[in-house]
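A.B. asks: One structure, pasted below without further comment.
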Amino acid sequence: DAWGDFMRAIVESEKGLPVLSHLLLFEIPGSVGCTDVVNAGGPFVAALASGKLPSLKEVDRRGESRVFFLDEGGLGVLCDGVRRGQFPREMCQIGFGLCIHSPPPMIDPLFRAIAESEKGLPPSIETLDLTRGRLGEEGLASFAASEGKLSHLKSLTLAECDINDNRLKRLGDAFAGCVCPNLKALHLGFNRVTSAGVAAFCEALTPRSSSLPKLENLRFNPLKAAEGEGTVWETLYCVVEFLRSPGSVAALIPT
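So the sequence shown is numbered by our numbering: it starts at 319 and just counts up by one.
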């Protein structure tokens, strides 16, 4: 497509666009030859990580979302780019998500690349929507080892990632290590977790003021009660009260 070809041309050029500071990525809906730039995430991240756009500061979408979507190949390009650490230093905030029309990829390599990189996730990447990605043991271990390397991340979605109560508890332990100190939104919906798992996750965040101090939105949906528990809503009430204590997150959204 046109956007992908444009991004690949930047990567393949000898000098790139060394003085480009403002990139307008805007399409007129219904126009002849219109392509979907947000789904050109692979070529876009390749251009950003190539070192050929060192002066880029603004990616202008004219009010549209600056989250770009990746298939499995594009996710691999992002991993390589994180390891190289050549993203534009002063670029505006953007995000990456997984294409819903592609087979669910393993997201462990991304967390491994972040943990093993010198600089971690680039400061310009504030959103990671990894919905339907497959999170395994290696990914959990790498995430827990990423202290100081996800410090600019503001929104993380791990919905439909086949997370069970045990993995959720391990995520809580990782967050308790202040892996994501600036995280504002954490979405963990449609995983294989029970209300007991959610309660254990929240308990792992103690002390709350030093684990996720800026979190405003914590989402689980739907939930089921574990055997021998009270209702989901009784458990959620206890969790909400726990979260509303000083220095904790503002809200739990179970819907």
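In this text, a Cβ means the ideal position worked out from N, Cα and C, and glycines have one as well. Predicted model, so just to flag it, every value in this text is computed and none were measured.
Whose CA, out of 388, 506, 330, 530, lies closest to the CA of residue 371?
C.D. replies: Cα-wise, what sits closest to residue 371 is 330.
A.B. asks: Please report the distance separating the alpha-carbon of residue 460 from that of residue 328.
C.D. replies: For residue 460 and residue 328, the distance between alpha carbons rounds to 32 Å.
A.B. asks: Just to confirm my understanding: we take residue 362, look at its own chain, exclude 5 residues before and 5 after, and list those with CB closer than 6 Å. What are they?
C.D. replies: Only 325, 386 meet the Cβ criterion.
A.B. asks: Sort 480, 498, 522, 499 by Cα distance to residue 507 and report the nearest one.
C.D. replies: That would be 480, whose Cα lies nearest to the Cα of residue 507.
A.B. asks: How long is the line joining the alpha carbons of residue 521 and residue 484, rounded to whole angstroms?
C.D. replies: Near 13 Å, if we compare the C-alpha coordinates of residue 484 and residue 521.
A.B. asks: Looking only at its own chain, which residues have a Cβ that is under 6 Å from the Cβ of residue 417, when we skip the five neighbours before and after it?
C.D. replies: The answer, listed in chain order, is 387, 389.
A.B. asks: Which residue from 396, 379, 458, 445 puts its Cα closest to that of residue 435?
C.D. replies: Nearest C-alpha to residue 435: 396.
A.B. asks: Count the other CB atoms, across all protein chains shown, that sit within 10 Å of the CB of residue 380; report buried if there are 16 or more and exposed otherwise.
C.D. replies: With fewer than 16 Cβ atoms within 10 Å of its Cβ, residue 380 is classed as exposed.
A.B. asks: Quick check on this structure: which residue in 523, 454, 319 has the alpha carbon closest to the alpha carbon of residue 482?
C.D. replies: The option with the nearest alpha carbon to residue 482 is 454.
A.B. asks: Looking at C-beta atoms only, is the number of pairs between the stretch 484-499 and the stretch 426-434 that lie closer than 8 Å three or more?
C.D. replies: At 8 Å Cβ cutoff, the stretches do not touch.
A.B. asks: Can you give, in chain order, each stretch of the alpha helix (DSSP H) that sits fully within the stretch 378-416 and has at least 4 residues?
C.D. replies: The qualifying runs are 390-402.
A.B. asks: If distances are taken between C-alpha atoms only, which option among 432, 421, 365 comes closest to residue 498?
C.D. replies: Of 432, 421, 365, the residue nearest in Cα terms is 432.
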